[in-house]
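Chemist: When we follow my numbering, the leftmost residue of the sequence shown carries the number 13, and every step to the right adds one.
Just passing along the structure, written as structure tokens.
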Amino acid sequence: MYETLLVDIEEGICTITINRPDKLNALNKTVMGELDKAIDGVYNNEAIKSAIITGSGNKAFVAGADISEFQGLTKEQGMALAKRGHDIFLKIERAPKPIVAAVNGFALGGGCELALACHFMIAADSAKFGQPEVNLGLIPGYGGTQRLVQVAGKGRAMELLMSGRMITAQEAQGYGMVNEVVPPRDLLPKVKELLQTIQSKAPIALANIIDCINHFDHTQKGYDREIQKFGECFATEDMQEGATAFLEKRKPSFKGK
Ligand code: COA
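Okay, here's the thing in structure tokens:
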């Protein structure tokens with residue numbers, strides 16, 4: 013079905029594997045187009061409750077945007093390339109179902125940005141992170157200047173982007189980018205185990221959590237969003253079921269309504 017992705021749906025979890033191992037899973041136009049379609053599937057396919065994005069092979073998650081597609085681009089074409097990446101990564105960030113990055117190797121440039129666009133990351137202890145665009149006379153173009161600062165803070169984002177240096181999975185965890193670091197063989201089982209727990213919760217509540225956290229800001233707007241979404245949960249059957257099940261001392265059965 014796809015030329016550059018492997019997509020597998022099992023027990024409600026859609027695993028999207030970027031599959032160009034000979035090019036360290038670099039994001040070329042085909043990968044981006046197919047990723048866009050696969051994420052549409054996460055939104056629209058009712059059999060999918062959550063998703064994992066990972067890379068094929070044991071060397072790379074994604075080693076960045078495909079540099080061979082950069083040569084000869086004009087300023088306008090460069091902006092169009094960034095806009096396309098932004099649209100797809102925003103679609104990932106705003107997905108109403110959990111999307112987790114399972115970072116299995118190099119997550120550089122657009123690869124680090126892709127992982128940052130996911131709702132959270134789990135990494136293999138062999139993973140390496142970095143934004144080396146500055147070595148090419150460039151800056152991150154798929155949201156990295158904005159998302160990295162949110163998780164790692166201004167000083168660390170400035171230093172990583174200006175030096176272009178790579179950091180280990182453990183350092184990335186210390187920077188707040190990665191939730192947990194595990195041996196490579198445990199990576200997918202760990203993420204799947206976490207998603208099975210998350211998937212057992214009320215789907216509309218999950219979508220509202222993602223929405224509210226995405227609306228975080230330093231003004232009243234984020235709090236207002238939470239007030240609205242909290243109220244909306246009361247209009248769902250699942251919230252009534254959750255509260256009733258608690259009071260009846262039984263497990264809730266959520267239906268996504
Ligand atoms: N775009 C296009 N091709 C890429 C790529 C990228 N971002 N990253 C790796 N590749 C290709 C290499 O060109 C090479 O292809 P070839 O075998 O046809 O020559 C293949 O993937 C393997 O990479 P190689 O560089 O030989 O592996 P390595 O183990 O020596 O080095 C890296 C690994 C990740 C350090 C190195 O590939 C690298 O620096 N990649 C670019 C990272 C980057 O700058 N990303 C940001 C882009 S904006």
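C-beta atoms are modelled at their ideal positions from N, C-alpha and C, and glycine is treated no differently.
Taking the continuous alpha helix (DSSP H) assigned at Met91, which residues delimit it?
Modeler: Lys87 to Glu105
Chemist: When you compare each of Ala139, Ile111 and Glu183 to Leu36 by their alpha carbons, which one comes out closest?
Modeler: Ala139
Chemist: Could you tell me how far apart the beta carbons of Ile111 and Cys130 are, in whole angstroms, since I believe they sit closer than 8 Å?
Modeler: 5 Å
Chemist: Ordered along the chain, which non-local residues of its own chain (more than five positions away) have a Cβ less than 7 Å from that of Phe228?
Modeler: Gly234
Chemist: Among Gly142, Lys103 and Arg237, which residue has its Cα nearest to the Cα of Ala119?
Modeler: Of the residues Gly142, Lys103 and Arg237, the one whose Cα lies closest to the Cα of Ala119 is Gly142.
Chemist: Any heavy atom of ligand 1 closer than 6 Å to the CB of Leu259?
Modeler: no
Chemist: Between which residues of its own chain and Ala257 is the CB-CB distance below 8 Å, once the five residues before and five after are set aside?
Modeler: Lys263, Pro264 and Ser265
Chemist: DSSP on Glu249, reduced to helix/strand/coil?
Modeler: Here Glu249 sits in helix by DSSP.
Chemist: So the alpha helix (DSSP H) Ala75 belongs to, where does it begin and stop?
Modeler: It is not in any alpha helix (DSSP H) - Ala75 carries neither H nor E in the DSSP assignment.
Chemist: By Cβ distance below 8 Å, which residues in the same chain neighbour Ala94 in space, the five residues on each side in sequence not counted?
Modeler: Gly153 and Tyr154
Chemist: Go through its chain and collect everything with a Cβ distance to Ile21's Cβ below 7 Å, but skip five positions before and after it.
Modeler: Ala59 and Ile60
Chemist: Just grab the DSSP bridge partners of Val112 for me.
Modeler: Val112 pairs with Ile64 and Phe132.
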